[in-house]
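Structure first, commentary second.
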Amino acid sequence: MESKKKTVKLSEQALWTAFKRGDRNAFDTLYNQYVRLLYTYGRTITNNAGLVEDCIQEVFITLLTKREGLKETDSIKFYLFKALNRRITEALSRTRLVVTMLPPGGDAYTFSLWWTEMAREEDSMQADKLEACMAELTDRQRQIIFLRFYCELRFTEIAQMLGLSMKGTYKLLGRAIGGLREQLR
């Protein structure tokens with residue numbers, strides 16, 4: 038499994054390097070690989086779909102226009118998530134909007150839909166219950182579950198994304214999982 042991660046990291050680094058050198062195919066690959074995931078993540082931050090789309094577009098335009106000056110990265114996904122998070126936060130503070138989550142059943146929870154679609158008929162009730170339980174968590178708890186289990190970010194990356202210490206990150210995830218466990222009983 039480690040060799041698979043190394044291969045992914047090497048190909049990610051090769052993709053990033055090719056993009057920085059001006060390879061249009063590398064940019065297209067970056068865009069196609071991450072745009073849906075960025076949209077889903079953006080919708081966990083705000084329910085304003087138009088704002089999320091605009092911010093994603095700004096992130097990719099900035100990448101294109103400033104590609105030669107971009108720093109190296111170990112994780113393109115983390116780099117893009119951080120950039121999108123910053124854009125959305127700036128846009129929301131400019132317009133003085135409140136950062137909110139969508140109500141239960143909204144688009145921000147589509148990351149759980151893949152699971153329910155693949156589940157067998159007898160598992161669908163449990164999937165529905167899990168989605169309802171997710172809706173009962175706090176915004177931060179839903180966000181950390183999304184980042185850790187759907188996006189597979191490392192704890193250090195999540196801590197940076199959410200502005201938490203490592204201890205705070207572990208604690209928040211533990212409380213989120215504990216909340217789910219409690220509700221699923």
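At position 32 of the sequence shown the residue is numbered 69 (the working numbering), and the sequence of numbers has no breaks.
Ideal placement from N, C-alpha and C gives every residue a C-beta, glycine not left out.
The three-state reading of DSSP puts Gly-200 in coil, since its state is none of H, G, I, E or B.
Annotated three-state conformation of Arg-191 is coil, per DSSP. With 16 or more other Cβ atoms from the protein chains shown falling within 10 Å of its own Cβ, Gly-79 counts as buried. When the five nearest sequence neighbours on each side are left out, the beta carbons in the same chain lying within less than 8 Å of the beta carbon of Cys-188 are those of Leu-74, Tyr-78, Lys-114 and Phe-118, in order along the chain. Ala-213 is the residue among Ala-213, Ile-93, Tyr-68 and Gly-59 whose C-alpha sits nearest the C-alpha of Phe-183. DSSP places Arg-185 outside any alpha helix (DSSP H), giving it a letter other than H or E.
For Arg-179, the closest of Met-203, Gly-215, Gly-106 and Tyr-116 by C-alpha to C-alpha distance is Gly-215.
Shown here, Lys-57 sits in a helix according to DSSP, grouped into three states. In this structure, the straight-line span from the alpha carbon of Arg-131 to that of Arg-123 is close to 12 Å. Separation of the CB atoms of Ala-128 and Leu-88 is rounded to 6 Å, and the pair is thereby assigned contact status at 8 Å. Of all alpha-carbon atoms in Met-198, Ile-195, Leu-221 and Met-203, the one lying nearest the alpha-carbon of Glu-173 is that of Leu-221. Taking Ile-181 as the centre and dropping the five residues before and after it, the same chain places the C-beta of Ile-195, Leu-199, Thr-206, Leu-209, Leu-210 and Ala-213 closer than 8 Å to its C-beta, in chain order. Closest option to Arg-218, judged by alpha-carbon separation, among Ala-63, Lys-166 and Glu-105: Lys-166.
When secondary structure is reduced to three states using DSSP, Arg-179 falls in the helix class. Residue burial annotation: Thr-54 is exposed, with fewer than 16 other C-beta atoms found within 10 angstroms of its C-beta. Shortest Cα-Cα distance from Gln-50 to any of Tyr-76, Lys-108 and Ala-86 involves Lys-108. Residue nearest to Leu-100 within the set Ser-48, Asn-84, Phe-64 and Ile-82 is Phe-64 (criterion: CA-CA distance).
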